[in-house]
Amino acid sequence: MNARQPIETEVLVIGGGNAALCAAMTAREAGARVLLLECAPRDFRGGNSRHTRNLRYLHRSGNAYLTGPYLEDEFFSDLMRVTEGRTNEQLALLTIRESAEIGEWMQSRGCRFQPPLSGTLHLARTNAHFLGGGKALMNAYYATAEKLGVDIRYEAEVRDLEIHDGTFVSAAVSSGGFTGKVKAKAVVAASGGFQANIEWLKEYWGEIADNFIVRGTPYDTGRMLRVLLDNGARAVGDPRQCHAVAIDARAPKFDGGIVTRLDCVPFGIVVNNQARRFYDEGEDFWPKRYAIWGRLVAGQPEQTATAIVDAKSIRLFMPSVFPAIEAVTIPDLAVKLKLDPDALRETVTAFNRATRTGDFDPSKLDGCHTVHLDPPKSHWARPLDTPPYYAYPLRPGITFTYLGVTVNEHAQLMLQDGRPSANIFAAGEIMAGNILGRGYMAGFGLTIGTVFGRIAGREAARHALQ
């Protein structure tokens, strides 16, 4: 990047994940010259999207990758349930409707899906899984973007934006030790949330944020979010709300990805460091509840917990990349976990005594539940009585934050005075809080990023080519 001579383009895309690439490809296909700036090195490109594995989208029938239809009413009902109604219904419905048959659009740009998965994720009908996962998807999109003529720069960090009365003028970019300026007729901010900025998280969570593990990229520090908010963008979302799951406590601080997630919770019990249960492990299907468990664990002493299953359930779920901690008796397991053996034995005994077994069925909300137990377990409650016993240590694993910028149906940035910016657009995690007021459901982040990435790219190109 030349520090003396500004680079000029028509559409500038800031970010390098799914939403950014969807915007860049769409804008380029519309005829605009596009420059995409990814702050990560090439080998770590793709943001959080490279850790994903599936996409939820509206479809009217099954196909080679989905076992059946997923229609608007059910999709919207699922979203309202997980968000408890905290969503912009207009933008939520827009996202759902614009996602119709989006798989075909993705395939035409290099995405490859795999046949439906069986097992306990309950996603075979609603979500299509990427062959090779999110990294394969990102590689395919980057290859397509390059063929289309998108100018892609790596290790290019946007440090600041020049914005006059809500209108973008230029970006200050640092790359290779030099700082230069990029001028564009329109800009798409698709640079993620601020989950990798522990100091910013502390403003809302306090010191416990030091114990959070960041599941995805360490490059999502929220710099562009802060710049936009400082330049008059209207904020949206609760800063304490986020997509946070319970992950293996042995995961690295950053970039552990999907392989550190644990899906065993519905089939056993979860205890805190006092060996006490604290929430209903069988409340609902895991894809509709897994993203509440990060916050639940964050609320426990020292932000730690432990998931425990027995030999009956050890093969019912996708394990962590780390091996389970194993013991022949519950007290022996407690010793290995550094928990009070008597307290854990008491918790397990009370749970076992409260279970009322019916026809255990991981594929549906079954009749296996507890009685006279607080907290209850509503489904899949079977006694922990078959050794050996297995445990996984848990910590909160934050995926992305919900504090973001407000947008309208054209993906235009909304200003504090109620006006839309003429040439600033946003897509992906930086604006997901418009739709995700709380909670999460599997594959929906990719839906938001794909839909609004395409809208932002289309509208940015339209403005730039006027």
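Everything in the sequence shown is counted per this note's numbering, starting at 94 for the first residue and increasing by one. Note that the Cβ used here is the ideal one computed from N, Cα and C, for glycine as well.
ask   = Helix, strand or coil: which one does DSSP assign to C132?
value = If you number the sequence shown from 1, residue 132 lands on position 39. Reduced to three states, the DSSP call for C132 is coil.
- request: Flag F545 as yes if its beta-carbon sits less than 9 Å from any beta-carbon of chain D, otherwise no.
  value: Annotation note: the requested chain D is absent from the structure, which comprises a single protein chain.
Q) Starting from G550 and walking both ways along the alpha helix (DSSP H), at which residues does that stretch end? A) On the sequence shown, residue 550 is found 457 positions in, with the first residue counted as 1. Note, G550: alpha helix (DSSP H), F537 to A557.
With DSSP collapsed to three states, give me the class of E255. Reading the sequence shown from its first residue, position 162 is the one you call residue 255. Correct three-state label for E255: strand.
Are the segment 550–558 and the segment 347–359 touching by the rule of at least three beta carbon pairs closer than 8 Å? no
Under 9 Å between C-beta atoms of R84 and G109:
Nothing in the structure corresponds to residue 84, since the chain is present only between 94 and 559.
Confirm, please, whether the CB-CB distance from A504 to F545 is below 9 Å. As a first step, residue 545 must be located in the sequence shown, where it is residue number 452. As a first step, residue 504 must be located in the sequence shown, where it is residue number 411. It is a contact, given that the beta carbons lie within the stated cut-off.
| task | Express the C-alpha separation of K470 and N141 in angstroms, rounding to a whole number. | result | Counted from its first residue, the sequence shown places residue 141 at position 48. Counted from its first residue, the sequence shown places residue 470 at position 377. Near 32 Å, if we compare the C-alpha coordinates of K470 and N141.
* Taking the C-alpha atoms as reference points, what is the distance between L148 and A217? -> By 1-based counting over the sequence shown, the position of residue 148 is 55. By 1-based counting over the sequence shown, the position of residue 217 is 124. Answer to the nearest angstrom: the Cα atoms are 11 Å apart.
query = Start and end of the beta strand (DSSP E) containing N147?
reply = Position 54 of the sequence shown, counted from the first residue, corresponds to residue 147. N147 to R149 is the span of the beta strand (DSSP E), which, as asked, contains N147.
Can you tell me whether P345 is buried or exposed, with buried defined as 16 or more other CB within 10 angstroms of its CB? Locating residue 345 in the sequence shown gives position 252, where the first residue counts as 1. By the neighbour-count rule (16 or more Cβ atoms within 10 Å), P345 is not buried but exposed.
Go ahead and label K457 buried or exposed: buried means 16 or more other beta carbons lie within 10 angstroms of its beta carbon, across all protein chains shown.
In the sequence shown, residue 457 corresponds to position 364, counting from 1. It counts as exposed.
Quiz item: Does the count of Cβ pairs from the segment 256–267 and the segment 289–308 closer than 8 Å reach three?
Solution: no
Checklist entry - Under 9 Å between the Cβ atoms of H222 and Y533? => result Position 129 of the sequence shown, counted from the first residue, corresponds to residue 222. Position 440 of the sequence shown, counted from the first residue, corresponds to residue 533. Note that the C-beta distance between H222 and Y533 is not below 9 Å.
* Quick one: grab the DSSP three-state call for I491. => Here residue 491 refers to the residue found at position 398 when the sequence shown is read from its first residue. Of the three classes helix, strand and coil, the one that applies to I491 here is strand, per DSSP.
Requested in this report: For G273, name the three-state secondary structure that DSSP assigns.
Outcome: In the sequence shown, residue 273 corresponds to position 180, counting from 1. DSSP places G273 within a strand segment (E or B) once states are collapsed to three.
**Three-state class that DSSP yields for F168 in the structure shown** = Within the sequence shown, residue 168 is the residue found at index 75, counting from 1. If DSSP states are grouped into helix, strand and coil, F168 belongs with the helices.
Three CB pairs or more closer than 8 Å across the segment 125–136 and the segment 148–162: no
**OP:** Look up A427 in the DSSP assignment and say whether it is helix, strand or coil.
**Re:** Locating residue 427 in the sequence shown gives position 334, counting from the first residue. In this structure, A427 counts as helix in the three-state DSSP scheme.
Could you check how far apart the C-beta atoms of M317 and I107 are, in whole angstroms? I think they sit under 8 Å.
For the purposes of this step, residue 317 is taken as residue 224 along the sequence shown, with counting starting at 1. For the purposes of this step, residue 107 is taken as residue 14 along the sequence shown, with counting starting at 1. So it is a contact: roughly 6 Å between Cβ atoms.
Q.
Just to confirm my understanding: we take K429, look at its own chain, exclude 5 residues before and 5 after, and list those with CB closer than 7 Å. What are they?
A. Within the sequence shown, numbered from 1, the residue matching residue 429 stands at position 336. So the qualifying residues of the chain are I418 and A420.
Query - Assumed close pair I80, V498 - CB separation to whole angstroms, cut-off 8 Å - result: What the structure shows of the chain is the stretch from 94 to 559, and residue 80 is not part of that stretch, so it cannot be assessed.
- Residue range of the unbroken alpha helix (DSSP H) whose run includes A116: Position 23 of the sequence shown, counted from the start, is the residue given in the question as residue 116. Where A116 is concerned, the enclosing alpha helix (DSSP H) stretches over N111 to E122.
Self-check item: Buried versus exposed call for P380 [16 or more other C-beta atoms within 10 Å across all chains shown]
Solution: By one-based count along the sequence shown, residue 380 stands at place 287. Buried.
So, are the CB atoms of G57 and F493 less than 9 Å apart?
Residue coverage of the chain in this structure runs from 94 to 559, which leaves residue 57 outside it and unanswerable.
Complete runs of the alpha helix (DSSP H) confined to the segment 174–210 [at least 4 residues] | 182–191 and 195–200
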